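So the structure is just underneath, and the comments pick up after that.
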Amino acid sequence: VITLASINVKNDSFPCPLNPNDIYKNVGFHSVPERFTVKVVPMPGVNSSLAADYAERLAHNFQSRSTNASVATSSIDQIKKIPDQAVILILPGSKKTTINKSILDVFLSFDLQGIPWRRCYETDYFQYSIPDQIGSILQCAGGIQYCVQTQGTKPIPWCLGVDLSHAPNGHS
Numbered sequence: 001v002i003t004l005a006s007i008n009v010k011n012d013s014f015p016c017p018l019n020p021n022d023i024y025k026n027v028g029f030h031s032v033p034e035r036f037t038v039k040v041v042p043m044p045g046v047n048s049s050l051a052a053d054y055a056e057r058l059a060h061n062f063q064s065r066s067t068n069a070s071v072a073t074s075s076i077d078q079i080k081k082i083p084d085q086a087v088i089l090i091l092p093g094s095k096k097t098t099i100n101k102s103i104l105d106v107f108l109s110f111d112l113q114g115i116p117w118r119r120c121y122e123t124d125y126f127q128y129s130i131p132d133q134i135g136s137i138l139q140c141a142g143g144i145q146y147c148v149q150t151q152g153t154k155p156i157p158w159c160l161g162v163d164l165s166h167a168p169n170g171h172s
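Residue numbering for the sequence shown follows our numbering, starting at 1 and increasing by one per position.
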């Protein structure tokens, strides 16, 4: 039997919260890449002003979590593999919209190039979706949200996490 006892952020330990975002707001993240950058890319059909709004909100959310991040809008043709970078693709429509082949081709291209990315939809409620995604975006760029401490009969040298947005073979 393993019980989650606490989480570590930087050099502090906290009881496991129901919502880790509460810890991020108070003390930030465990580890942030030195040159942490996020590129926000509106896919065809998504208004560039919406991407700018998302980027501004994302930058504010990182700031309010004591995290330095360079957040800017970009375009597909400007994205290159850069260490410590995450790419956010803003998709047209909603989660119920079928993703067309040209967008799937971008996903595949990024995966094949090793470019870490996440996605959101133009219809997402950014005031809720950004705080929910912020840890995943940090992790996408090589950061660590927090470390889990366990209590059990033996120390466990690993932790299992499942990201349902990416296939295990690297192809989305």
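Glycine residues also receive a C-beta, built at the ideal position from the N, C-alpha and C atoms. Bear in mind that the values here come from a model prediction, so they are computed numbers and not experimental data.
Residue environment, residue i, which counts as buried when at least 16 other CB atoms sit within 10 Å
i, result
"E34", "exposed"
"P44", "exposed"
"K39", "buried"
"G28", "buried"
"A167", "With a pLDDT of only 49 at A167, under the threshold of 50, the placement of this residue in the model should not be trusted; the figure read from the coordinates follows. Answer is exposed; the Cβ neighbour count stays below 16."
"T73", "buried"
"C140", "buried"
"H60", "exposed"
Secondary structure of residue i, DSSP reduced to three states
i, result
"S102", "helix"
"P20", "helix"
"V41", "strand"
"R65", "coil"
"N47", "coil"
"I79", "coil"
"N11", "coil"
Residue i: first and last residue of the uninterrupted alpha helix (DSSP H) it sits in
i, result
"Y121", "Here Y121 belongs to no alpha helix (DSSP H); instead the beta strand (DSSP E) covers 117-121."
Residues that DSSP places opposite residue i in a beta bridge
i, result
"S129", "For S129, which the question treats as bridged, DSSP gives no partner whatsoever."
"I90", "P42, C120"
"Q85", "T37"
"I137", "Answer by DSSP bridge pairing: none, since I137 is not bridged."
Residue span of the beta strand (DSSP E) that contains residue i, given as start and end
i, result
"S194", "Since the displayed the chain opens at 1 and closes at 172, residue 194 lies outside it and no answer follows."
Three or more C-beta pairs under 8 Å: does that hold for the region 78-87 against the region 108-123? yes
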